[in-house]
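Participant:
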Amino acid sequence: MKYAVIFTATVKQFDDLYASTAANMRQRAMSQYGCTKFVACTEGNKEIAVSYWDSLEHIKAWKADAEHQVAQKMGQDAWYEHYCVEVVEVLRAYSSY
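Going by full-length UniProt numbering, the first residue of the sequence shown is number 1, and it counts up by one from there.
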């Protein structure tokens with residue numbers, strides 16, 4: 001089975017620390033925790049990021065990562081007005097590439 005984690009947020013502020021932390025977390029998830037694909041976009045103060053995973057165990061391990069937990073706390077305290085995380089099973093996928 002394949003899974004996707006959908007993260008949506010209303011952002012209070014984008015700053016250099018936010019950008020560098022997000023880039024570091026993306027690289028860490030992909031290189032150390034089995035994230036197979038990561039796409040994100042912003043419009044105004046809205047953000048959506050979708051990451052793809054081969055197992056729930058990989059997702060749980062990523063959630064428990066110490067650096068990721070620090071980044072989550074920073075998001076809750078400084079960057080996000082609201083956020084939502086959804087873990088979903090990918091039943092089918094279609095692509096033109």
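Glycine included, each C-beta is placed from N, C-alpha and C at the ideal position.
#1: Does the beta-carbon of Gly75 have 16 or more other beta-carbons within 10 angstroms, so that it is buried, or is it exposed?
#2: What separation, rounded to the nearest whole angstrom, lies between the Cα atoms of Met41 and Ile48?
#3: Using the Cα positions of Asp77 and Leu91, report the straight-line distance between them to the nearest angstrom.
#4: Give every residue of the same chain whose Cβ lies closer than 6 Å to the Cβ of Ala29, excluding the five residues on either side of it in the sequence, and list them in chain order.
#5: Could you spell out the range, first to last residue, of the beta strand (DSSP E) harbouring Tyr18?
#6: Identify every residue that forms a DSSP beta bridge with Ala49.
#7: With the cut-off set at 9 Å, would you say Thr21 and Tyr80 are in Cβ contact?
Facilitator: Reading from the atomic positions:
#1: As a first step, residue 75 is located in the sequence shown; it is residue number 75 there, counting from the start. With 16 or more other Cβ atoms within 10 Å, it is buried.
#2: Start at 1 with the first residue of the sequence shown, and residue 41 comes out as number 41. Start at 1 with the first residue of the sequence shown, and residue 48 comes out as number 48. Checking the sequence shown, residue 41 turns out to be Cys, not Met. Rounded to whole angstroms, Cys41 to Ile48 spans 6 Å at the Cα level.
#3: Taking the sequence shown and counting its residues from 1, the one referred to as residue 77 is at position 77. Taking the sequence shown and counting its residues from 1, the one referred to as residue 91 is at position 91. Taking the straight line joining both Cα atoms gives about 35 Å.
#4: Position 29 of the sequence shown, counted from the start, is the residue given in the question as residue 29. Cys35, Trp62, listed in sequence order.
#5: Here residue 18 is taken as the residue at index 18 of the sequence shown, counted from 1. Note, Tyr18: premise wrong, no beta strand (DSSP E); alpha helix (DSSP H) at 16–32.
#6: As a position in the sequence shown, residue 49 is number 49, starting the count at 1. Ala49 is bridged to Phe7, Ala40.
#7: The count along the sequence shown starts at 1 and reaches residue 21 at position 21. The count along the sequence shown starts at 1 and reaches residue 80 at position 80. Against a cut-off of 9 Å, the Cβ pair of Tyr80 and Thr21 comes out as no contact.
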